[in-house]
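In the numbering used here, the protein residues as written are 12 to 200.
First the structure, in the form of structure tokens, and then the observations on it.
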Amino acid sequence: MSVCLVGMPGSGKSTVGRQLARLLGWQLLDSDAEIERELGHSIRSHFEQYGEDSFRALEEAMIAKLAALPGVVLATGGGAILRESNRQALRGPGNTVVYLRASVDDLVRRLRHDTQRPLLQDVDPAVRLRQLLAQRDPLYRAVADHVVDTGRSSVSSIAHLLAMQLELGAPAAAASDQNLRPGDATDSA
Ligand code: S3P
């Protein structure tokens, strides 16, 4: 069994993933970090040299590999849900997919100084994030077993809530679940 975290850039996938992995005693894998490790350079520079399609092909291969591993918390890149093949891989046997939902305002606040995310450079981040969220929200929801609203919840409370749900064995079979709304969140990534 594995947990796959999906959501917009800045929704907290890596930070929640790190804490959740610690609580469960599982390994955290971050698909972007693994791609960068294989490439030997940043995703931003890969976008600049080879373009987004090239990155998406690398991402597809990486998601196929990582989503099939047991006992991991997998933090995915924000666009990983764009390809149907990735959505299927994330929903593979034994996996639980969690959508960390955040509002445009929260995402803008968390990412306004970002210099690493290629899709947010040289544009008004608020406009771009609004477009991306409108396009992607239905895809995040379609792939997710659970939707967690991160708006007023701390990273720690989200991670504890998810760990509890997973230990109760509820998630994998459940339909999308809007009811996981813990207290108070602030972290990004
Ligand atoms: C992307 C998000 C990034 C990274 C790449 C593309 C996107 O990951 O995969 O820059 O399409 O939203 P994060 O969600 O971790 O920022």
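For every residue, glycine included, the Cβ atom is placed at its ideal position computed from N, Cα and C.
Span of the beta strand (DSSP E), counted from its first residue to its last, around residue i
i: VAL107; result: For clarity, residue 107 is Thr in the given sequence; the question names Val instead. Start and end: 106-112.
i: HIS40; result: Here residue 40 is Leu; the residue named in the question, His, does not match the sequence. LEU40 -> beta strand (DSSP E) spans 38-41.
i: SER13; result: 13-17
Exposure label - residue i; buried when at least 16 CB within 10 Å
i: LYS24; result: buried
i: VAL134; result: exposed
i: LEU80; result: exposed
i: ALA72; result: exposed
i: PRO136; result: buried
i: GLU70; result: buried
i: VAL27; result: buried
i: GLY89; result: buried
i: THR107; result: buried
i: ARG112; result: buried
i: ASP156; result: buried
i: LEU40; result: buried
i: THR140; result: According to the sequence displayed, residue 140 carries Leu and not Thr. Under this definition LEU140 is a buried residue.
i: TYR151; result: buried
i: TYR61; result: exposed
Test: residue i CB closer than 8 Å to a CB of chain B
i: ARG98; result: The chain inventory of the structure shown lacks chain B, comprising one protein chain alone.
Residue of the options minimising C-alpha distance to residue i
i: ALA153; options: GLU63, PRO81 and LEU101; result: LEU101
i: THR87; options: ALA145, ASP125, MET12 and ASP43; result: ASP43
i: GLN30; options: GLY62, GLY105 and SER167; result: SER167
i: LEU93; options: LEU77, HIS124, PHE66 and ILE169; result: PHE66
i: GLY105; options: TYR151, VAL83 and HIS52; result: VAL83
i: ALA78; options: MET12, ARG128 and GLN146; result: MET12
i: LEU130; options: ARG147, ALA145 and ARG55; result: ARG55
i: GLN127; options: GLU47, GLU178, ASP64 and CYS15; result: GLU47
Limits of the alpha helix (DSSP H) - the one that residue i falls within
i: ASP64; result: 63-77
i: LEU34; result: 24-35
Check: Does the pairing of the region 161-171 with the region 90-101 give three or more beta-carbon distances under 8 Å?
Finding: No: the two stretches stay apart, fewer than three of their Cβ pairs being nearer than 8 Å.
Check: Do three or more CB pairs link the region 27-43 to the region 166-176 at distances below 8 Å?
Finding: Per the Cβ contact rule, the region 27-43 is in contact with the region 166-176 (3 or more Cβ pairs under 8 Å).
Notebook entry, point to check: Which runs of the beta strand (DSSP E) spanning at least 3 residues fall entirely within the region 87-173, listed in chain order?
Noted result: Taking only runs of at least 3 residues, the beta strand (DSSP E) segments lying wholly in the region 87-173 are 106-112 and 157-160.
Margin query: Quick check: the region 12-27 against the region 118-135, are at least 3 beta-carbon pairs closer than 8 Å?
Written below: Between the region 118-135 and the region 12-27, the count of Cβ pairs shorter than 8 Å is three or higher; the stretches touch.
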